[in-house]
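Comments concern the structure below.
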Amino acid sequence: MTVADGRTNGLAIWRSVLPVAALVVVASVQVVLAKTASLTPWKGGGFGMFSTTDSADQRMLRVVVAAPERSEIIEITESLEDAAKRAAAFPVPRQLERLARLVVERERRHGRPVDTVQIECWRPEYDAVTLAASRRPVGELVYRAEPPAQTGP
Amino acid sequence: MRSRLLKPARDGPRLPDAVLLLTAICLLLRPLDVWWVTGLVLLGAGLAVLYPAVRHAPPTWGVLAILVALRIAAVWPLSDNHIYLLSYWCLAIALALGASDPPSALSRSSRWLLGAAFAFAVLWKAVLSPDYLDGRFFRVTMLTDPRFADAVMLVGGLTADDISADRTMLEPLPEGAVLADPPAVHESSRFRAMAVATTWGALLLEALVAVLCLMPESRRVEVPRHAAILAFCITTYALAPVAGFGWLIAVMGLAQCRTEQRLLRASYTAVFFLVLLYSEVPWTGVLHDLVS
C-alpha cells in the first residue's frame with residue numbers, strides 16, 4: 005500500500021473497512037433478530053449455520069383452517085412453499101400473515117370456506133443426555149379472513 | 200483527488216487474474232434462483248471470465264455485489280450465509296480495484312472479512328447456541344442428515360440399520376408432545392467420540408482462523424493463517440454440503456497470497472477444485488464400500 009501521508013493511508017483503509025462493516029452490521033442485526041424474534045440462526049447473514057439443531061429445515065408449521073362446520077389441518081402445497089419457508093425461518097407476524105393470506109386465497113380458489121387461519125411454528129429440541137426429541141413453539145398467529153366479496157344482485 | 204471508484208488503477212500492481220476468475224466461476228457455478236438476478240449475474244460473471252477489461256473494471260464487481268444483495272433482499276431470510284459473504288467479497292473487489300495497490304487492499308479485505316465471519320461463527324457455536332458445546336448438534340445431525348450416513352458408518356461404527364432406527368427415534372413428536380419413557384438412541388462409543396471430536400475440532404479451527412485473520416499482519420502470522428484456512432477448507436467441506444462456501448473461502452485465501460508464494464497459490468487453487476470434487480463425488484460412500 006502506497007503511503008504518501010497519514011491521510012492517504014486512512015483513505016486507503018476505508019476500501020477494506022466498508023465491506024467488513026457491512027458484514028458486522030448485518031450479522032449483529034441477525035443475532036438480535038435470532039434472540040428476540042425467533043429468526044433461525046442458520047439464516048440472516050449471522051454465520052450461525054452448523055451451530056444448532058434449530059435450522060429452518062427442521063422447523064415445523066401447523067396450519068389449521070376453520071370455518072362453520074370445518075376445522076382441519078392443511079398440507080403445505082407447492083404454491084404455499086415459498087411463503088411457508090419464510091414463515092418457518094422467521095415466524096414474525098408479517099411472515100405468518102403473508103402465509104395466512106395465501107392460504108385463504110388458495111382455499112377460496114378451490115371453493116372451500118375459510119374464516120380463520122391459525123399458524124403455529126415449532127422448533128425441534130433434544131435432551132442433552134438421551135437426545136429425546138420434542139418440539140417447542142416459536143411463533144403463532146390467528147388470522148381472521150375478510151369476508152369474500154359478494155357477487156351478483 | 201480524482202475518484203478511483205469507477206476506474207481501475209493504471210499504474211502499479213494488478214489484482215491476480217486467478218482471484219477474479221475463480222470468483223466469477225463461483226457466481227457461474229451456483230446460479231442465484233431469482234430469475235431477474237440470475238440472468239444479469241451470469242452475464243456479468245461470464246463477461247468477466249471472457250474479457251480481462253471487464254473483470255478488472257470496478258463497476259463489474261460493484262454491480263455484481265448489488266445484484267447479489269438484491270437477491271438476498273428478494274428471498275429474505277432464506278439466503279445461505281455464504282451468499283452474504285459473496286456480496287461483501289464482490290464489493291471488496293470493486294473497491295480494491297480502484298486502490299493504488301489493489302493486491303494489498305484486497306488481501307486486507309479478505310483477512311478482515313474472513314476474520315469477522317469466522318468470529319461470528321465462533322460466537323454462535325461457543326456462546327449463543329444452546330446445543331452446540333455439549334455435542335448435541337453433531338450427535339443429532341450426524342444421525343439425521345443422510346449426507347453424513349457414510350461417514351458415520353465408516354468412522355462412527357454404526358450400521359445402516361442403527362442409523363435408520365435412530366433417525367426414527369429422533370423425529371420430534373408433534374406439538375410439544377413428549378414420550379413418558381423415550382427409547383434410547385443407539386450411539387456407539389466410536390460415534391460419541393466422533394461427535395465430540397467434530398464439535399471441538401470445528402470450533403477450535405474456526406477460532407484459530409478468526410484470530411489469525413484479525414491479528415495485525417506480520418510474516419510470523421502469515422504461514423499459520425494460511426495453514427488454518429486451508430485445513431478448514433480441506434476438512435470441513437469433505438462433509439459439510441456447502442461447496443459454495445468452500446470455494447469462496449479458497450478464493451479469499453488466494454487473495455491473501457503474495458505473487459512470489461507460488462506453492463501457496465497453487466494450494467488454494469487445488470483446494471478450490473478439491474471442494475468441487477467433494478461436492479460431486481460421494482467419497483465417504485466409496486471409502487465405506489472399499490473398507491467393508
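Here the protein sequences line up with chains V and R, keeping their order.
If you number the first sequence the way the numbering used here does, the last residue is 157 and the count never jumps.
If you number the second sequence the way the numbering used here does, the last residue is 491 and the count never jumps.
We treat Cβ as the ideally placed atom computed from N, Cα and C, and that holds for glycine.
* **Rounded distance between the beta-carbons of residue 453/R and residue 221/R, thought under 8 Å** => Residue numbering aside, residue 221/R sits at position 22 when the second sequence is read from its first letter. Residue numbering aside, residue 453/R sits at position 254 when the second sequence is read from its first letter. Going by Cβ atoms, the distance from residue 221/R to residue 453/R rounds to 7 Å, so yes, they are a contact pair.
* Cβ of residue 202/R within 8 Å of any chain V Cβ -> Translated into positions along the second sequence, residue 202/R becomes position 3. Bear in mind that the predicted position of residue 202/R carries a pLDDT of just 48, short of 50, making it unreliable; the figure below should be weighed with that in mind. For residue 202/R, the answer is no, since every Cβ of chain V falls outside 8 Å of its Cβ.
* To do: Report the rounded CA-to-CA distance for residue 131/V versus residue 407/R, giving the unit in angstroms.
  => Numbered from 1 along the first sequence, position 127 holds the residue referred to as residue 131/V. Numbered from 1 along the second sequence, position 208 holds the residue referred to as residue 407/R. Looking at the backbone, the Cα of residue 131/V and that of residue 407/R are separated by about 30 Å.
* Asked: How close, in whole Å, do the beta carbons of residue 48/V and residue 276/R come, if the pair is a contact with beta carbons under 8 Å?
  -> Numbered from 1 along the first sequence, position 44 holds the residue referred to as residue 48/V. Numbered from 1 along the second sequence, position 77 holds the residue referred to as residue 276/R. 5 Å between Cβ atoms; contact.
* Asked: Apart from the five residues on each side of it in sequence, which residues of its chain come closer than 6 Å, Cβ to Cβ, to residue 30/V?
  -> The residue labelled residue 30/V in the question sits at position 26 within the first sequence. Only 49 meet the Cβ criterion.
* **Contact with chain R by residue 84/V, beta-carbon distance below 8 Å** => By one-based count along the first sequence, residue 84/V stands at place 80. No, residue 84/V lies away from the interface with chain R (no Cβ there is under 8 Å from its Cβ).
* Neighbourhood of residue 69/V by C-beta distance below 7 Å, restricted to the same chain and skipping five residues each side -> Within the first sequence, the letter at position 65 stands for residue 69/V. Excluding residues within five positions, the ones whose Cβ falls inside 7 Å are 76, 78, 107, 111, 118 and 121.
* To do: Spell out whether any CB of chain V is found under 8 Å from the CB atom of residue 235/R.
  => Within the second sequence, the letter at position 36 stands for residue 235/R. Closer than 8 Å: no.
* Asked: In the structure shown, what three-state DSSP assignment does residue 224/R receive?
  -> Position 25 of the second sequence, counting from 1, holds the residue named residue 224/R. If DSSP states are grouped into helix, strand and coil, residue 224/R belongs with the helices.
* Are the C-beta of residue 130/V and some C-beta of chain R separated by less than 8 Å? -> In the first sequence, counting from the first residue as 1, residue 130/V sits at position 126. Judged by the 8 Å Cβ criterion, residue 130/V is in contact with chain R.
* Cβ contact (3+ pairs, closer than 8 Å) linking the segment 227 to 241 of chain R and the segment 265 to 273 of chain R -> yes
* Do the CB positions of residue 262/R and residue 450/R come within less than 8 Å of each other? -> Indexing the second sequence from 1 puts residue 262/R at position 63. Indexing the second sequence from 1 puts residue 450/R at position 251. No, they are not a contact pair.
* Below 7 Å CB to CB, which residues in the same chain sit around residue 444/R once its five sequence neighbours on both sides are set aside? => By one-based count along the second sequence, residue 444/R stands at place 245. Leaving aside the five residues that flank residue 444/R on each side, the residues in its chain whose CB is nearer than 7 Å to its CB run, in chain order, 281.
* Asked: Does any residue of chain R bring its CB to less than 8 Å from the CB of residue 151/V?
  -> Translated into the one-based positions of the first sequence, residue 151/V becomes position 147. It does not: the Cβ of residue 151/V has no partner Cβ on chain R nearer than 8 Å.
* For residue 364/R, which residues from the same chain have a beta carbon less than 6 Å from its beta carbon, with the 5 sequence-adjacent residues on both sides left out? -> Here the question's residue 364/R lines up with position 165 in the second sequence. Residues of the same chain with a CB within less than 6 Å of the CB of residue 364/R, apart from the 5 flanking positions on each side, do not exist.
* To do: Determine the burial state of residue 133/V: buried for a count of at least 16 other Cβ atoms within 10 Å of its Cβ, exposed for fewer.
  => Position 129 of the first sequence, counted from the first residue, corresponds to residue 133/V. It counts as exposed.
* To do: May I have a chain-ordered list of the alpha helix (DSSP H) segments no shorter than 4 residues that lie completely inside the segment 415 to 487 of chain R?
  => 418 to 435, 442 to 453 and 461 to 479
* Under the three-state DSSP convention, the category residue 143/V falls into -> In the first sequence, counting from the first residue as 1, residue 143/V sits at position 139. Residue 143/V: strand per DSSP, three-state reduction.
* How many whole angstroms separate the CB atoms of residue 295/R and residue 305/R, which I take to be in contact at a CB cut-off of 8 Å? -> Along the second sequence, one-based indexing puts residue 295/R at 96. Along the second sequence, one-based indexing puts residue 305/R at 106. Indeed they touch by this definition, with Cβ atoms about 4 Å apart.
* Report the neighbours of residue 49/V on chain R: residues whose CB is nearer than 8 Å to its CB, in chain order. => In the first sequence, residue 49/V corresponds to position 45, counting from 1. Those are 271, 278, 280 and 283, listed as they occur along chain R.
* Asked: Is there a Cβ from chain V that is less than 8 Å from the Cβ of residue 349/R?
  -> By one-based count along the second sequence, residue 349/R stands at place 150. It does not: the Cβ of residue 349/R has no partner Cβ on chain V nearer than 8 Å.
* Asked: Is there at least one Cβ from chain V nearer than 8 Å to residue 427/R's Cβ?
  -> Stepping through the second sequence from its first residue, residue 427/R is reached at position 228. Answer no: the Cβ-Cβ gap between residue 427/R and chain V never drops below 8 Å.
* What residues are listed by DSSP as bridge partners for residue 125/V? -> Within the first sequence, residue 125/V is the residue found at index 121, counting from 1. Answer by DSSP bridge pairing, in chain order: 65/V and 143/V.
* Listed by chain order, chain V residues near residue 183/R by CB distance under 7 Å -> Examination of residue 183/R is not possible in this model, given that chain R is present from 200 through 491 alone.
* Asked: Exposed or buried, residue 115/V, counting other C-beta atoms within 10 Å across all chains shown (16 or more means buried)?
  -> Within the first sequence, the letter at position 111 stands for residue 115/V. When all chains shown are included, residue 115/V counts as exposed.
* Cβ of residue 41/V within 8 Å of any chain R Cβ -> If you number the first sequence from 1, residue 41/V lands on position 37. Not a single CB atom of chain R sits nearer than 8 Å to the CB of residue 41/V.
* Neighbour list for residue 287/R in chain V, Cβ cutoff strictly below 8 Å -> For the purposes of this step, residue 287/R is taken as residue 88 along the second sequence, with counting starting at 1. Per Cβ cutoff of 8 Å: 23, 24, 26 and 27.
* Identify each residue in the segment 85 to 99 of chain V for which the Cβ-Cβ distance to at least one residue of chain R is less than 7 Å, and report them in chain order. => When C-beta distances to chain R are compared with 7 Å, the residues of the segment 85 to 99 of chain V below that value are 89, 90, 93 and 94, in chain order.
* Output, in chain order, the set of chain V residues within a Cβ distance shorter than 7 Å of residue 319/R. => Position 120 of the second sequence holds residue 319/R. 31, 50 and 51, listed in chain order.
* residue 116/V - DSSP class collapsed to helix/strand/coil -> For the purposes of this step, residue 116/V is taken as the residue at position 112 of the first sequence. It is coil, neither helix nor strand.
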